[in-house]
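Undergrad: Heads up: take any position in the sequence shown, counting from 1, add 24, and you land on the working numbering. Cβ atoms here follow ideal geometry from the backbone N, Cα and C, with glycine treated the same way. Just so you know, these numbers come straight off a predicted model, no measurement behind them.
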Amino acid sequence: TDSIRTITAAGRSPSFSLLFLLLCRGVALRGPSPSQFGFTRKSSAGAAAVSASDTMFRRWLSLRDITRGSNSKDVYLGIRASSRTRTNFSHILRHFRGGEGGLKKLVRRKSLGQVFLKDSGVVGSILRHAAISNSDDVVEIGCGLGVLTLPLSQKARSLTIIESDSGFLAETCGRISQECAHRVTSLHGDFTKIGFDKVLPERFVVVTNLPYQISTFFIQTVIANRSRIQKAIVMVQRDFAERLAAPPGNKVYGSLSIFGQFYLNVRKLIEVPRTAFKPIPKVESQVIEIVPRKKPMFELNEELFFRLVRSAFWGRRKSLAKCIRESPFLKDCDPKPIPPCECQFFQDRPLVRGEDLSIKEFVQLYSELFPNEKRI
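1. Answer yes or no: does any C-beta atom of chain C fall closer than 8 angstroms to that of residue 276?
2. Contact between the region 200-217 and the region 180-187: three or more CB pairs below 8 angstroms?
3. Indicate whether the contact test is met: 3 or more Cβ pairs, each with one atom in the region 364-379 and one in the region 333-341, closer than 8 angstroms.
4. Do you know whose CA, among 253, 240, 241, lies nearest residue 225's CA?
5. Quick one: any contact between the region 258-265 and the region 363-373, if contact means 3 or more CB pairs under 8 angstroms?
6. According to DSSP, is residue 328 part of a helix, a strand, or is it coil?
7. Whole angstroms are fine: how far does the CA of residue 384 sit from the CA of residue 396?
8. Judging by CA-CA distance, which residue of 349, 344, 219, 218 is the nearest neighbour of residue 278?
9. Going by DSSP in three states, residue 155 sits in which element: helix, strand or coil?
10. If we count the other Cβ atoms within 10 Å of its Cβ and call it buried at 16 or more, is residue 356 buried or exposed?
11. When you compare the region 224-239 with the region 162-179, are there three or more beta-carbon pairs, one atom per stretch, that lie closer than 8 angstroms?
12. Roughly how many angstroms separate the alpha carbons of residue 157 and residue 180, rounded to a whole number?
13. Looking at C-alpha atoms only, which residue of 324, 246, 359, 297 is the closest neighbour of residue 142?
14. Within 10 angstroms of its Cβ, does residue 347 collect 16 or more other Cβ (buried), or is it exposed?
15. Going by the CB atoms, is the gap between residue 330 and residue 394 shorter than 8 angstroms?
16. Would you mind sorting residue 375 into buried or exposed? The rule is 16 or more other CB atoms within 10 Å of its CB.
17. To the nearest angstrom, how far is the alpha carbon of residue 401 from that of residue 319?
18. Going by Cα to Cα distance, which pick from 293, 248, 147 is closest to residue 219?
19. Span of the beta strand (DSSP E) holding residue 269?
20. Please check the pair residue 140 and residue 169, which I expect to be a contact at CB under 8 angstroms, by giving their CB distance rounded to whole angstroms.
21. Please tell me whether residue 150 and residue 311 are closer than 8 angstroms, where the distance is taken between their beta carbons.
22. Indicate whether residue 265 and residue 281 have their beta-carbon atoms separated by less than 8 angstroms.
23. For the alpha helix (DSSP H) that contains residue 175, what are its first and last residues?
24. What does DSSP give as the partner residues of residue 310 in its beta bridges?
25. Where does residue 226 sit, in a helix, a strand or coil, going by DSSP?
26. For residue 304, name the three-state secondary structure that DSSP assigns.
27. With DSSP run on the structure shown, which of helix, strand or coil describes residue 316?
28. Can you give the Cα-Cα distance for residue 300 and residue 293, rounded to whole angstroms?
29. Tell me whether residue 350 sits in a helix, a strand or coil according to DSSP, three-state version.
30. How would you write the range of the alpha helix (DSSP H) that residue 234 sits in, first residue to last?
31. Alpha carbon to alpha carbon, how far is residue 392 from residue 239?
32. By the DSSP assignment, the alpha helix (DSSP H) with residue 279 in it spans what residues?
33. Where does residue 255 land, buried or exposed, given buried means 16+ other C-beta within 10 angstroms?
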């Protein structure tokens with residue numbers, strides 16, 4: 025009776041309440057044990073009336089708050105409800121019936137590019153390269169099924185999880201052991217909107233199987249926060265890793281290569297085949313190590329310098345001198361570059377292209393095109 029009253033107070037009719045309570049009890053007989061869910065409600069006036077035998081109903085309440093949002097101050101392992109999402113009742117029922125905590129029925133969202141690492145050998149390699157100790161604060165972006173989250177929560181001094189999918193976030197947090205739960209902070213949100221702004225430790229290590237569609241944004245965010253990041257062990261698409269670490273003269277060497285290497289030391293670690301994931305993606309993957317430089321390679325007007333770099337790769341089939349003359353990135357800049365025909369650089373190499381120049385040679389060209397800009 026108390027359970028029916030509580031469900032009714034949550035906005036459901038008495039008939040629905042009775043039907044749902046019977047359903048929950050029936051699922052509990054053939055589903056996983058309640059202790060596998062791992063959710064504890066820290067404070068709730070509504071749940072106080074629910075007996076211990078109604079664990080499945082309390083599980084529904086926690087999922088309802090996470091998927092729909094709630095005005096209460098209840099907190100589940102640090103997960104704050106989102107006010108923009110709506111209850112997906114069929115998702116909750118699938119979650120109950122999935123077995124092993126519902127993992128089999130959590131919905132993969134193609135819009136987020138979700139593929140899940142399943143190869144334990146790759147997981148072990150990532151952890152060995154990360155070399156996390158109990159003095160490290162760690163950030164993981166996109167926890168997925170928790171294959172990295174669980175061992176990181178055992179090794180690190182603290183672990184901050186940033187995940188936009190509330191279902192996977194709840195499931196992963198529910199699997200963290202009670203001994204490690206106090207070290208874990210979960211942030212439900214889109215990394216492209218919150219970045220590292222809500223990460224509390226002043227310095228931290230990033231270990232993540234990164235959603236590939238945010239790779240460029242991730243590099244930009246790491247560069248913007250390079251004073252806070254000790255290193256990053258990151259899984260990215262192999263093509264992206266090749267572009268980021270490419271040397272001059274390589275066919276994939278471009279503005280991303282120069283932008284990344286100007287601020288970061290990038291090292292390729294291990295190649296990961298498509299079969300290491302489920303479902304199998306269409307692209308190959310690569311684990312890379314990123315260590316921010318203590319200071320940029322050169323001290324100069326960075327905005328102006330990267331306008332020049334973007335201009336150099338604006339037309340790959342054109343000579344660098346022609347790219348600079350016609351580039352839209354240099355038309356409205358202040359100061360204006362001197363004409364390429366007046367530069368000694370192009371007297372010696374009139375047909376050179378941007379992909380042939382090292383960062384040091386780009387800085388030399390920058391000094392000739394903008395002679396009044398001071399460089400240290």
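TA: The short version:
1. The structure shown contains no chain C; it is built from a single protein chain.
2. yes
3. yes
4. Sequence index remark: in the sequence shown, residue 225 carries index 201 (1-based). Measuring from the Cα of residue 225, the nearest candidate turns out to be 253.
5. no
6. The residue you call residue 328 lines up with position 304 of the sequence shown. It is helical.
7. Locating residue 396 in the sequence shown gives position 372, counting from the first residue. Locating residue 384 in the sequence shown gives position 360, counting from the first residue. Residue 396 and residue 384: Cα-Cα distance of roughly 19 angstroms.
8. As a position in the sequence shown, residue 278 is number 254, starting the count at 1. 344 is the residue among 349, 344, 219, 218 whose C-alpha sits nearest the C-alpha of residue 278.
9. The count along the sequence shown starts at 1 and reaches residue 155 at position 131. Residue 155 falls in the coil class under three-state DSSP.
10. Position 332 of the sequence shown holds residue 356. Exposed, by the Cβ-count rule.
11. yes
12. Along the sequence shown, one-based indexing puts residue 157 at 133. Along the sequence shown, one-based indexing puts residue 180 at 156. Cα to Cα, residue 157 sits roughly 6 angstroms from residue 180.
13. Within the sequence shown, numbered from 1, the residue matching residue 142 stands at position 118. Out of 324, 246, 359, 297, 297 has the C-alpha closest to the C-alpha of residue 142.
14. Counted from its first residue, the sequence shown places residue 347 at position 323. By the 10 Å Cβ count, residue 347 comes out buried.
15. On the sequence shown, position 370 is the one that residue 394 refers to. On the sequence shown, position 306 is the one that residue 330 refers to. Cβ distance not < 8 angstroms, so residue 394 and residue 330 don't count as in contact.
16. As a position in the sequence shown, residue 375 is number 351, starting the count at 1. With fewer than 16 other Cβ atoms within 10 Å, it is exposed.
17. With the chain running from 25 to 400 in the structure shown, residue 401 is simply not present.
18. Looking up residue 219 in the sequence shown gives position 195. Checking every option, the nearest Cα to that of residue 219 belongs to 248.
19. Position 245 of the sequence shown, counting from 1, holds the residue named residue 269. Counting along the chain, residue 269 falls outside any beta strand (DSSP E), though it belongs to the alpha helix (DSSP H) covering 262-269.
20. Here residue 140 refers to the residue found at position 116 of the sequence shown. Here residue 169 refers to the residue found at position 145 of the sequence shown. With 8 angstroms as the limit, residue 140 and residue 169 qualify as a contact, their Cβ atoms being about 5 angstroms apart.
21. Residue mapping note: residue 150 aligns to position 126 of the sequence shown, counting from 1. Residue mapping note: residue 311 aligns to position 287 of the sequence shown, counting from 1. Yes, the pair counts as a contact, with Cβ atoms nearer than the cut-off.
22. Here residue 265 corresponds to residue number 241 of the sequence shown, with the count starting at 1. Here residue 281 corresponds to residue number 257 of the sequence shown, with the count starting at 1. No, Cβ-Cβ distance for residue 265 and residue 281 is not below 8 angstroms.
23. Your numbering for residue 175 matches position 151 in the sequence shown. Segment 173-179, the alpha helix (DSSP H) holding residue 175.
24. Residue numbering aside, residue 310 sits at position 286 when the sequence shown is read from its first letter. According to DSSP, residue 310 bridges with 260, 295.
25. The residue given as residue 226 occupies position 202 in the sequence shown. Three-state DSSP puts residue 226 in coil, outside helix and strand.
26. In the sequence shown, residue 304 corresponds to position 280, counting from 1. Coil at residue 304, not helix or strand.
27. Working through the sequence shown from its first residue, we reach residue 316 at position 292. Strand, per DSSP.
28. Reading the sequence shown from its first residue, position 276 is the one you call residue 300. Reading the sequence shown from its first residue, position 269 is the one you call residue 293. Each residue's alpha carbon lies about 16 angstroms from the other.
29. Within the sequence shown, the letter at position 326 stands for residue 350. Residue state, collapsed to three classes: helix.
30. Here residue 234 is taken as the residue at index 210 of the sequence shown, counted from 1. Note, residue 234: premise wrong, no alpha helix (DSSP H); not H, not E.
31. Along the sequence shown, read from residue 1 onward, the residue named residue 392 stands at position 368. Along the sequence shown, read from residue 1 onward, the residue named residue 239 stands at position 215. In a straight line, the C-alpha of residue 392 is about 34 angstroms away from that of residue 239.
32. Walking along the sequence shown from the start, residue 279 turns up at place 255. Where residue 279 is concerned, the enclosing alpha helix (DSSP H) stretches over 279-287.
33. For the purposes of this step, residue 255 is taken as the residue at position 231 of the sequence shown. Residue 255 should be labelled buried.
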